[in-house]
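Asks: Can you keep this structure in mind? I'll have questions shortly.
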């Protein structure tokens with residue numbers, strides 16, 4: 003009886019040791035798998051950011067070439083607006099073939115003329131309000147069925163964020179359009195409606211009338227939207243070569259007096275979408291192309307979405 007009891011205890015002990023050993027090995031493999039997955043995620047994270055940098059460098063080259071070809075004008079038929087929708091990246095990365103076949107590695111990069119949108123920085127300069135620009139923005143808001151009173155509130159916010167006499171900002175400087183949520187009236191639906199028409203650049207900049215949407219042309223020229231669409235259709239056939247030519251196409255060219263309008267752009271938004279296996283990165287970046295052809299194209303800011 004005692005022998006059977008000892009054998010039973012030995013068997014239970016052996017089972018417990020085996021269970022503990024299996025649990026330890028399973029835990030070891032689990033921790034190893036977690037570490038491997040963490041390293042893979044870190045690798046994909048770094049690869050997506052290097053891909054973003056490569057995409058921005060590619061956009062810089064396109065903008066540099068466009069500026070060399072057309073130094074005085076920026077038009078919708080320029081090289082900056084004729085990019086392939088997507089680039090396959092599989093051959094540039096050491097990736098598992100099965101995963102690559104299933105998910106793919108792609109870069110979609112789209113350049114947008116930032117000055118085809120109304121620049122809210124034009125509403126004030128040196129903390130002084132620009133009344134002509136405020137009236138323009140009021141007309142745009144009204145045409146979109148939004149509250150025109152937003153124009154003055156926006157101008158005051160822009161002026162308050164600019165530098166004072168001692169070079170010290172009066173409040174945190176506004177840098178991007180989406181930061182206007184701090185201004186009363188800029189609800190998420192309002193911001194979404196304005197996103198295609200409005201931008202906030204680091205400094206006042208001309209609205210490019212060769213690339214601006216008909217809604218903006220209507221606000222600038224004080225014409226109806228159908229008339230602005232006719233002007234945009236004429237522009238597609240032959241872009242305006244000079245402001246004198248544009249003024250001549252208007253019944254009253256004086257409506258452009260006091261407004262920051264032109265036919266060339268210096269600021270461009272780059273919308274990037276990168277996909278590498280499980281990793282995806284959507285980003286928007288602002289590039290500044292100086293007037294001098296030899297000047298470096300600067301990255302002003304970049305944010306993930």
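Residue numbers (this note's numbering): 3 to 307. Glycine included, every Cβ here is placed at the ideal spot set by N, Cα and C.
In this structure, what does DSSP give as the bridge partners for residue 1?
Replies: There is simply no residue 1 to check, as the chain begins at 3 and stops at 307 in what is shown.
Asks: Tell me, please, whether the region 261–273 touches the region 68–82 by the rule of three or more beta-carbon pairs shorter than 8 Å.
Replies: Yes, they touch.
Asks: Quick test of the definition: if touching needs 3 or more C-beta pairs under 8 Å, does the region 226–245 touch the region 148–166?
Replies: Contact fails: fewer than three Cβ-Cβ distances are below 8 Å.
Asks: Below 8 Å between beta carbons: does that hold for residue 113 and residue 61?
Replies: Cβ distance < 8 Å, so residue 113 and residue 61 count as in contact.
Asks: Rounded to whole angstroms, what is the Cα-Cα separation between residue 190 and residue 273?
Replies: Their Cα atoms are separated by approximately 20 Å.
Asks: Enumerated in chain order, which unbroken segments of the alpha helix (DSSP H) with a length of 4 residues or greater are wholly contained in the region 216–301?
Replies: With a minimum length of 4 residues, the continuous alpha helix (DSSP H) runs that stay inside the region 216–301 are 216–223, 227–239 and 245–250.
Asks: What three-state label does DSSP hand residue 78 in the structure shown?
Replies: Residue state, collapsed to three classes: coil.
Asks: Which word fits residue 49, buried or exposed, when buried means at least 16 other C-beta atoms lie within 10 angstroms of its C-beta?
Replies: Classification of residue 49: buried, given that the 10 Å Cβ count is 16 or more.
Asks: CB-CB under 7 Å to residue 71, same chain, minus the five flanking residues each way: which ones, in chain order?
Replies: Excluding residues within five positions, the ones whose Cβ falls inside 7 Å are 81.
Asks: Taking only three categories from DSSP, how would you classify residue 137?
Replies: Here residue 137 sits in helix by DSSP.
Asks: Could you name the residues of the same chain whose beta carbon sits closer than 6 Å to that of residue 213, not counting the 5 residues immediately before and after it, in chain order?
Replies: So the list reads 78, 115 and 118, once near-sequence residues are dropped.
Asks: Going straight from the alpha carbon of residue 120 to that of residue 134, what length do you get?
Replies: C-alpha separation (whole angstroms): 13 Å.
Asks: Where residue 176 and residue 182 are concerned, what is the direct C-alpha to C-alpha distance, given to the nearest angstrom?
Replies: Using only the alpha carbons, I get a separation of about 8 Å.
Asks: Identify, in the order they occur along the chain, each residue of the same chain with its Cβ nearer than 8 Å to the Cβ of residue 179, setting aside the five sequence neighbours on each side.
Replies: Answer for residue 179: 122, 193, 196, 197, 200, 201 and 202, listed in chain order.
Asks: As an exercise, report each continuous beta strand (DSSP E) stretch of at least 3 residues that is fully enclosed by the region 105–132, in chain order.
Replies: Correct list: 107–115.
Asks: If you pair each beta-carbon of the region 290–302 with each one of the region 210–224, do three or more pairs fall below 8 Å?
Replies: Because the criterion of three Cβ pairs below 8 Å is not met, the region 290–302 and the region 210–224 do not touch.
Asks: Ordered along the chain, which non-local residues of its own chain (more than five positions away) have a Cβ less than 7 Å from that of residue 321?
Replies: Lying outside 3 to 307, the shown extent of the chain, residue 321 is not represented and no answer is given.
Asks: Taking the alpha-carbon positions, what's the residue 305 to residue 54 distance?
Replies: Residue 305 and residue 54: Cα-Cα distance of roughly 11 Å.
Asks: Could you work out which residue in 207, 229 and 204 is closest to residue 215 when comparing CA atoms only?
Replies: Nearest C-alpha to residue 215: 229.
Asks: Might you give, ordered along the chain, the residues of its own chain that have their beta carbon closer than 8 Å to the beta carbon of residue 299, omitting 5 neighbours on each side?
Replies: Excluding residues within five positions, the ones whose Cβ falls inside 8 Å are 62, 65, 66, 289, 290, 291 and 292.
Asks: Quick one: give me the first and last residue of the alpha helix (DSSP H) that residue 152 is part of.
Replies: That run of the alpha helix (DSSP H) goes 152–163.
Asks: Let's see if you can read the secondary structure: which residues bound the alpha helix (DSSP H) around residue 193?
Replies: Counting along the chain, the alpha helix (DSSP H) containing residue 193 begins and ends at 190–196.
Asks: Among 141, 129, 208 and 110, which residue has its Cα nearest to the Cα of residue 269?
Replies: For residue 269, the nearest C-alpha among the options comes from 208.
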